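Scroll down for the structure; my scribbles are underneath it.
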Amino acid sequence: MNRNARLTQIFVGSMVLAALASATYAGLQSHTLRLVQAAALLGLAAATSRMKVKLPGITGNMSVNLPFILIAVTSLSSVEATAIACLSTVLQSLPKAGNKFKPEQMLFNISMMGFAASVAGLLWHASSQIRAAWASEPVLLALTTAVFFAGQTAPVATIITLTESTPMRQTGFRRTWLRIAQLSFPYYVVSAGVAAIMASVSDTMGWLTALAVFPVMYAIHRSYRLYFANAAEAPRLASLSRVARAGA
907 MNRNARLTQI
917 FVGSMVLAAL
927 ASATYAGLQS
937 HTLRLVQAAA
947 LLGLAAATSR
957 MKVKLPGITG
967 NMSVNLPFIL
977 IAVTSLSSVE
987 ATAIACLSTV
997 LQSLPKAGNK
1007 FKPEQMLFNI
1017 SMMGFAASVA
1027 GLLWHASSQI
1037 RAAWASEPVL
1047 LALTTAVFFA
1057 GQTAPVATII
1067 TLTESTPMRQ
1077 TGFRRTWLRI
1087 AQLSFPYYVV
1097 SAGVAAIMAS
1107 VSDTMGWLTA
1117 LAVFPVMYAI
1127 HRSYRLYFAN
1137 AAEAPRLASL
1147 SRVARAGA
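Laid out in structure tokens, this is it:
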């Protein structure tokens, strides 16, 4: 076993332990459960978890279930949000027909999502008790989303740096993370905005308003697919153009 393979095993094992520890603590800190709302958000997160977008130049994808997970983080207990994040990640990680199932990849994805969701949920509920002037709900939501963003993108960049035999690996962790952040940051901003809107209207219009987010996320999914497809196609077209000019 080479050095990178050992480091990969150590890192995945560390992610599993971190996820178990943070999820256990989240469970101990969760005293009020809202099972009906949790079931509704789980259904929406599960339904959108298969709406995935392939990130150009990176072995990975992005699912459009993030707004529902953020809504769970800010509206439910930490343990409920963690459960929703993990269960929807199981569905997201299932391979398409004909593709090989990779249990180690699913284990990593679930651990990463469980850790990110539980830490973000704990931060949200702990910060909401602060009575300082700066601790407004928009600021707390931005901080919570930033923690969730870091909790997802940093482990993904690390595992790519350790395992992928691609040019992206050769650039190192920093550039790999910056590339992932560049591609996904706008989506996190949009998702945080959707979660903020839902938090403000659900008090007056009820939880059924979450259904209105579904067509919005489908439209975003289609837009990202077209954008990333064009981004992936551009280098190939440029290469063909250079070849054509050279042969002229």
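Whatever position you read off the sequence shown (first residue = 1), add 906 for our numbering. Backbone N, C-alpha and C fix where the C-beta goes; we use that ideal spot for every residue, glycine too. Note that the coordinates shown come from a computational prediction; the quantities given were computed from them, not determined experimentally.
In the three-state reduction of the DSSP assignment, residue 1015 falls in the helix class, which pools H, G and I.
Under the DSSP assignment, residue 922 falls in the alpha helix (DSSP H) whose first and last residues are 909–935. Residue burial annotation: residue 910 is exposed, with fewer than 16 other C-beta atoms found within 10 angstroms of its C-beta.
Going by beta carbons, residue 1050 and residue 1030 fall inside the 7 Å limit. DSSP places residue 959 in the uninterrupted beta strand (DSSP E) bounded by 958–960. Its Cα nearest to that of residue 1000, the residue 952 stands out among 1128, 1094, 908 and 952. The shortest CA-to-CA distance from residue 959 to any of 1118, 1106, 1105 and 1093 is the one to 1093. Counting only runs that start and end inside the segment 933–1009, the beta strand (DSSP E) elements of at least 3 residues fall at 958–960 and 967–969. Between residue 932 and residue 985, the gap from beta carbon to beta carbon is short of 7 Å. Distance check between residue 964 and each of 994, 1079 and 983 places 1079 closest, using alpha-carbon atoms only. When secondary structure is reduced to three states using DSSP, residue 1036 falls in the coil class, being assigned neither helix nor strand.
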